[in-house]
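All remarks here apply to the structure that follows.
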Amino acid sequence: MHTASYPVPSSVKVRLRFDADGGWSDEDGLYDSHAGPVVIDNLVVEGLALEDFEDEAVGATTAADWESYLIPGYGSSNMAMFSGFSQLQEDACAKNMSCLWAAIFGSTETYACGGFPQQAAVPKGDAQGQYLHAEILSPPIPLAGTGNVVNLEFSVYRDLEIEAYVFYLWDIRTVAPNGCASRWRSRNLPYWGQQKDWFVATFPVGDLIDLSHETMQVRLGVFDGWGIWGGLAYVPCHSHAPLFDNVRVYRVDIFGPTFAGRDYEQFQDTFPTDGSDTGTGRADAAVSWQADASMTNVPADSATLICVDGLTRYPAGDPVTGDKSGLAVDPVLGGWQIYCWVRVIDSGVPQVAGPKFGAGLQELPRYPFKDTQVADGKTWTRIRCDRASNSASRWRIDFPDALFTAGDVVEFFYGATSTSGLTSYCSGNSLNYVQSDVDVAAAAASEFTILPLAPGSPGTDILYVDGMDGRGAQVYWDTAFEQLGTTPDRYDVRAPTSGVGNRPGGRVTDVVTQLNGNYKVILWDCGDITPTLGDGTSSTEKSDDYALINTFLAN
């Protein structure tokens with residue numbers, strides 16, 4: 091209930107305005123409000139009649155003296171095709187000289203701030219406080235072929251500093267035979283990259299589309315988020331990026347449930363929470379569950395993923411179970427047949443008995459023990475996942491908080507079975523390896539570690555922080571370490587460009603005990619990405635890594 095008082099004039103007008111902040115949309119696949127983004131009713135002006143809007147027809151845009159007012163969108167006219175010859179491209183390894191899309195048509199902004207005053211740039215906000223949101227839309231694309239795995243792929247030229255808050259976006263939707271289109275759906279994430287390169291972006295979208303439909307559409311967009319996240323003290327430097335080209339959708343001949351997720355929603359490397367180098371460390375996700383605007387950094391308690399069968403699911407709910415995911419019911423445990431396969435290696439020894447194996451890994455009542463299985467020649471424990479909130483396709487897994495100790499490496503991957511009886515698996519850091527062969531999945535399992543691995547042991551006095559996790563740097567470091575005959579501990583920063591507070595500064599509790607007591611050297615590789623290290627003062631990266639490094643060097 092909102093109220094306001096004003097001096098009595100001859101007349102007064104009231105305008106109620108709704109602004110979307112780029113998150114928690116009805117179309118993002120994460121939250122469905124069932125009533126739209128905002129509901130207004132029962133307006134009262136003291137001394138005048140109540141306006142309850144009960145006399146108008148559904149869909150009306152006026153009510154007595156009230157009317158809807160939509161400010162025209164900003165930026166759609168800036169999206170156009172250009173010759174690659176006419177656009178600045180600083181990628182030393184690739185040049186695109188064909189036609190491409192850019193959101194710079196008619197722009198008076200230039201890239202002078204980057205040293206290229208002749209290059210048109212993405213325009214900044216207008217006089218009404220609007221910021222660019224321009225998109226291109228594909229024609230209907232036939233959902234040809236077979237298989238539940240569908241991937242979206244496109245080439246994008248990136249010259250996008252995070253401080254400028256210009257991002258590229260994607261959405262997809264399917265179109266029914268009668269011509270009715272579904273909602274636009276995506277992962278609700280903006281994407282950027284300051285590398286000044288052509289990047290082939292690939293996204294699994296099988297869980298977002300209705301595979302019973304005949305066609306789908308793709309939407310690529312350029313979004314200026316300065317109106318949401320920008321600050322007044324910094325003048326953003328806009329380049330001409332992103333540039334789009336070579337869009338394709340392909341279907342993979344793998345059947346069964348499809349998986350998707352975000353790397354930062356998986357378990358993160360960590361240190362014991364009690365500040366020691368021998369205590370227990372929590373199995374928490376990389377991301378903080380606190381809002382981005384909050385400087386409080388509290389890791390999410392469980393890992394989350396998306397899993398659904400696009401062929402067997404019931405959009406309106408299974409007539410028997412009411413479920414919409416298309417997954418089969420577990421006849422013994424109840425719930426659905428989606429499991430986390432787990433294997434614990436304690437101080438180099440795979441656990442096949444005791445508290446870190448079998449039923450010892452369950453956290454009742456939500457995550458019960460299923461059984462043990464052999465895959466890729468190793469013995470794994472299966473723990474049933476539980477539904478995340480009330481979502482039809484999001485699932486969650488967690489382990490006891492006081493179970494894992496320093497020296498533990500926990501390997502894991504996921505498997506699920508649909509009502510058709512088909513089973514598929516996913517593994518890899520970003521859940522990007524989906525297949526029907528459990529041995530292949532087990533061989534590419536993800537992992538998280540409670541550090542240090544072996545306190546005081548020779549050869550482990552180096553901590554290698556992989557701030558380029560999943561981006562190809564580790565293989566070069568591993569080769570160098572092998573040639574030097576050393577075996578350092580490794581701390582992987584999941585989703586390093588996302589800045590979710592999961593760098594060592596957000597996980598080390600006692601620098602002197604946990605770092606100085608075990609390491610003489612910290613090798614921290616941030617590669618060519620941002621953010622690099624956090625200083626604890628910005629929501630771009632909440633972890634205070636500079637304080638951690640300074641304390642380490644001082645001791």
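To convert, count from 1 in the sequence shown and add 90; that's the numbering used here.
Each residue gets a CB set at the ideal place from its N, CA and C atoms; glycine is no exception.
Look at E572 here: in three-state DSSP terms it is helix. Per DSSP, the beta bridge partners of T539 are V499. Here the alpha carbon of T236 sits roughly 38 Å from the alpha carbon of T539. In this structure, Y609 places its C-beta atom within 8 Å of the C-beta atom of L553.
Minimum Cα-Cα distance from A350 among the listed residues M169, Y504, T577 corresponds to Y504.
Under the criterion of beta carbons closer than 8 Å, R561 and G596 do not qualify as touching, at roughly 20 Å.
Secondary structure note for F244: it is in no alpha helix (DSSP H), and the uninterrupted beta strand (DSSP E) holding it is 239-250. For G311, the CB contacts under 8 Å within the same chain, skipping 5 residues up- and downstream, are H223, A224, E225, I226, Y258, L259, W260, D261 in chain order. With a 10 Å radius around the Cβ and a threshold of 16 neighbouring Cβ atoms, P621 comes out buried.
For a cut-off of 8 Å, the C-beta gap from A465 to D551 is around 35 Å, too long to register as a contact.
Counting along the chain, F334 sits inside the beta strand (DSSP E) bounded by residues 333-342.
Between V325 and the set L454, C203, L512, the nearest pair of CA atoms involves C203. Contact between T507 and Q452 is absent: CB atoms are separated by about 19 Å, not below the 8 Å threshold. K446 sits buried, since 16 or more C-beta atoms from the chains shown fall within 10 Å of its C-beta. When DSSP states are grouped into helix, strand and coil, Q564 belongs to the helix group. One alpha carbon belongs to N387, the other to D527, and they sit about 38 Å apart. Here the alpha carbons of T569 and P267 stand approximately 54 Å from one another.
In the structure shown, Q179 falls within a coil segment according to DSSP collapsed to helix, strand and coil. If you draw a 10 Å sphere on the C-beta of R263, you find 16 or more other C-beta atoms in it, and that means buried.
Secondary structure within the segment 567-640: the beta strand (DSSP E) runs of 3 or more consecutive residues, fully enclosed, are 579-582, 611-615 (chain order). Assignment of beta-bridge partners to S508 by DSSP yields L417.
In summary, I194 is buried, with 16 or more beta-carbon neighbours lying within 10 Å of its beta-carbon over all protein chains present. An exposed status is given to G205, since fewer than 16 other beta-carbon atoms sit within 10 Å of its beta-carbon. Closest in C-alpha terms to R433, from the list Y221, V499, P455, comes V499.
For W282, no alpha helix (DSSP H) segment is defined, and its DSSP state is neither H nor E. Taking the C-beta atoms as reference points, A492 is found no nearer than 8 Å to S517.
Apart from sequence neighbours up to five positions away, the residues of its chain that approach V295 with a beta-carbon distance below 6 Å are V240, L242, I262, ordered along the chain. Taking every protein chain shown into account, the CB of M171 has fewer than 16 other CB atoms within 10 angstroms, so this residue is exposed. Taking a contact to require three or more Cβ pairs closer than 8 Å, the segment 387-404 and the segment 347-367 qualify as touching.
Here the alpha carbons of L613 and Y566 stand approximately 13 Å from one another. Taking all protein chains shown into account, Y340 has fewer than 16 neighbouring C-beta atoms within 10 Å of its C-beta and is therefore exposed.
Residue burial is scored here from C-beta neighbours: L543 has at least 16 other C-beta atoms within 10 angstroms and is therefore classed as buried. The straight-line gap separating the alpha-carbon atoms of S588 and V148 is approximately 42 Å. Separation of the CB atoms of V308 and I231 is rounded to 7 Å, and the pair is thereby assigned contact status at 8 Å. Distance between F571 and W485, taken at the CA atoms: about 38 Å. Of N168, P490, T368, L333, the smallest CA-CA separation from L178 is found for L333.
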